[in-house]
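Positions 247 to 762 (the working numbering) are the ones given, in order, by the sequence shown.
Even for Gly, the Cβ is constructed at its ideal location relative to N, Cα and C.
The structure under discussion appears below in the form of structure tokens.
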Amino acid sequence: MRKERRSRRINRIGSYAISSSMSMRDHRKQPCITCTTFNILAPIYKRLNVNNDKNQDSRESDYRAYWLVRNQKILDSLLRERSSIICLQEFWVGNEELVNMYEKRLGDAGYLNFKLARTNNRGDGRPCSRDVVCRFDLHLMFLVSSFVQSPLPKFLSNPFEHTMPLSDTSGLLIAVRKEHFRVIGHRELLFNDCGDRVAQLLHVELAAPYSPSRNNDTRQEILIVNTHLLFPHDSSLSLVRLNQASTFSSFFKKKKKNLSSSQVYKILQYVESYQKEHKLSPTPIMLCGDWNGSKRGHVYKFLRSLGFVSSYDNAHQYTDADAHKWVSHLNHRGNICGVDFIWLLNPNRYRKLLKTSWSEAVFGMFKYLVRRASLTEEDAFALLKADNDSDCITYSGFCEALRQLNLTGHCYGLNDEETKDLWVQADIDGDGALDYKEFQQRIWNPTRSEQKDDGILDDDHKGGKEQTIGFSVENAVLFPPEVEKGMWPENYSLSDHARLTVVFSPIRMPCSQLIS
């Protein structure tokens with residue numbers, strides 16, 4: 247009977263029966279935890295065609311009944327699943343009524359909630375007309391009522407008291423179930439970049455019933471990140487996204503003024519710094535959110551080089567070449583793509599030093615841009631060598647080539663410090679010059695230590711390692727189910743993103759050490 251109840255609970259996750267993954271764990275008596283990420287499409291972004299009005303500026307935020315019903319349905323679906331961790335993107339932080347509704351319903355269901363707005367009151371840059379129209383209409387009713395000496399309904403007696411303040415601000419929300427986790431810390435990262443993007447870091451500890459070990463010497467903690475990366479409207483923004491995906495640590499270091507220090511690199515820097523500050527050994531890291539990039543992109547390759555695995559691909563045994571097998575987003579251009587991920591880095595994964603992997607990723611972008619310009623390897627060397635008479639690359643030629651490729655020289659590009667770091671990574675012997683062989687080894691074909699998807703160390707590396715807690719991926723589903731076959735259903739209206747839920751099971755594993 248107990249197994250049947252547990253099976254029914256997990257089966258709520260989606261159209262696929264995940265109960266099998268629970269029954270597989272019964273002999274270990276270890277419950278699973280679940281994590282959901284969902285870009286819920288803020289009403290300020292959702293375009294409407296009301297009464298066949300072809301005005302593309304009509305937004306759902308202008309019609310309370312529309313956004314209220316849709317978000318009630320979103321909450322209904324989330325509370326049916328009751329995931330241990332919920333990460334939402336495009337959460338309309340600027341609408342007090344919507345925020346209160348989410349906080350009330352999630353709170354009543356046993357969740358702790360953490361929200362974060364984008365900086366500079368950032369939404370989509372257009373005024374939120376409903377606030378103005380609503381207040382104007384109520385004020386007009388108030389004046390008419392006074393003129394005809396007929397009282398308004400009681401709830402409209404003061405037209406300004408009952409209107410919720412609205413703004414275009416969207417952001418993020420993380421909710422975790424109190425019965426599953428104890429929250430140790432919560433940090434906010436404000437990128438202050440061209441997209442005013444933000445990220446959240448939540449440091450939690452598994453509650454005793456969900457921990458595979460009662461041994462106080464075994465770590466039972468998780469670092470959870472929720473973010474929404476910048477959409478790459480052009481190639482120059484790919485670098486911003488790469489940087490955004492890599493910074494969650496310069497928060498404790500000096501603040502960088504250059505806008506390029508913004509996303510993936512910043513997130514991981516922040517995580518790295520947070521771990522050092524709290525003297526944490528390698529801890530499971532879950533990166534959740536809308537990454538606005540597919541498995542073919544630079545961010546995906548960068549995270550893979552660090553040992554992260556895409557939980558959905560891991561659950562379905564997909565390789566990096568299987569990008570076409572699933573989608574999670576219908577974008578504003580009408581294209582479908584897979585951009586929503588829950589990345590997992592286990593403590594037993596070999597991980598490169600962050601700066602090493604970041605430089606390899608940037609050099610990968612350099613190679614991509616060169617090839618897109620129909621240039622060969624020899625052409626790339628000549629570009630970097632510039633007008634230098636000797637057959638080698640100097641720092642000045644290196645900088646000039648990056649500028650010509652639009653990787654520096656503007657607010658989205660590399661700053662001077664980052665450019666210097668790249669050069670140091672390439673000029674290993676420090677002689678101030680790179681010959682053709684060094685160019686091949688350090689820039690054109692930098693060595694990557696590819697990771698196995700199972701994330702388990704070889705037996706030779708297990709002996710004597712400190713034990714900790716990691717996670718195995720038991721299953722993962724996308725909703726609606728059609729997206730798992732690479733199709734987007736016409737009748738799906740909850741969002742322009744699919745909901746991704748992953749089932750994890752805590753397991754004991756050895757820690758690994760960083761490798762260069």
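- Contact annotation: L668 and V608 have beta-carbon atoms nearer than 9 angstroms.
- Minimum Cα-Cα distance from W690 among the listed residues S642, L630, C281 and G353 corresponds to L630.
- E663 counts as exposed, since fewer than 16 other C-beta atoms from the protein chains shown sit within 10 angstroms of its C-beta.
- For W589, the enclosing beta strand (DSSP E) has its first and last residue at D586 to L591.
- Counting along the chain, the unbroken alpha helix (DSSP H) around M347 starts and ends at E342 to D354.
- Spatial neighbours of Q466 in its own chain (CB-CB distance under 6 angstroms, excluding positions within 5 residues in sequence) are listed in chain order as E451, L452, S457 and I715.
- Per DSSP, A311 is one residue of the alpha helix (DSSP H) stretching across R310 to E327.
- Under a 10 Å Cβ-count criterion, I279 is classified as buried, with 16 or more other Cβ atoms of the shown protein chains found around its own Cβ.
- Here H743 has F284, N285, L287, D536, S574, H575 and D586 as same chain residues with Cβ atoms under 7 angstroms from its own Cβ, once five neighbours each way along the sequence are excluded.
- Less than 9 angstroms divides the Cβ of L321 from the Cβ of Y348.
- Judged by DSSP secondary structure, T665 falls within the alpha helix (DSSP H) whose first and last residues are D662 to A672.
- The beta-carbon separation of P530 and N472, rounded to 15 angstroms, does not stay under the 8 angstroms limit for a contact.
- The C-beta separation of G417 from V339 comes to about 4 angstroms, placing the pair in contact by the 8 angstroms criterion.
- Partner residues in the beta bridge of D536, as assigned by DSSP, are H474 and D586.
- Annotation: D633 to W313 spans about 60 angstroms, alpha carbon to alpha carbon.
- When the five nearest sequence neighbours on each side are left out, the beta carbons in the same chain lying within less than 7 angstroms of the beta carbon of Y738 are those of P726, in order along the chain.
- In this structure A311 is exposed. Its beta-carbon is surrounded by fewer than 16 other beta-carbon atoms within 10 angstroms.
- Secondary structure note for K424: it is in no alpha helix (DSSP H), with a DSSP letter that is neither H nor E.
- The C-beta of I639 has 16 or more other C-beta atoms within 10 Å across all chains shown, which makes the residue buried.
- In the displayed model, S751 falls within a strand according to three-state DSSP.
- Rounded to the nearest whole angstrom, the CA to CA distance from K541 to G584 is 8 angstroms.
- Distance from M532 to I468 at the Cβ level is roughly 6 angstroms; contact confirmed, criterion being Cβ atoms closer than 8 angstroms.
- In the same chain as G732, and ignoring 5 residues on each side of it, the C-beta atoms closer than 8 angstroms to its own belong to H570, K571, W572, V573 and I582, in chain order.
- Within the same chain, Cβ atoms closer than 8 angstroms to the Cβ of R351 are found at L321 and L325, the five residues on either side in sequence being excluded.
- Burial state of N594 is buried, judged by a 10 Å Cβ sphere holding 16 or more other Cβ atoms.
- Using a Cβ distance threshold of 9 angstroms, F548 and H432 do not count as a contacting pair.
- Apart from the 5 residues on each side of it in sequence, L436 sits with its Cβ closer than 6 angstroms to the Cβ of T365 and V444 in its chain, given in chain order.
- In the same chain as F644, and ignoring 5 residues on each side of it, the C-beta atoms closer than 7 angstroms to its own belong to L630 and W669, in chain order.
- Under the DSSP assignment, C333 falls in the beta strand (DSSP E) whose first and last residues are I331 to F337.
- For A744, DSSP assigns no beta-bridge partner whatsoever.
- In the same chain as E730, and ignoring 5 residues on each side of it, the C-beta atoms closer than 7 angstroms to its own belong to W572 and L724, in chain order.
- Straight across, the Cα-Cα distance linking R305 with V545 is about 31 angstroms.
- Spatial neighbours of Q671 in its own chain (CB-CB distance under 6 angstroms, excluding positions within 5 residues in sequence) are listed in chain order as S605.
- With respect to A355, R328 sits close: the two C-beta atoms are nearer than 9 angstroms.
- Here I420 is near I332, since their CB atoms are less than 9 angstroms apart.
- When DSSP reads this structure, N721 sits in a beta bridge with V749.
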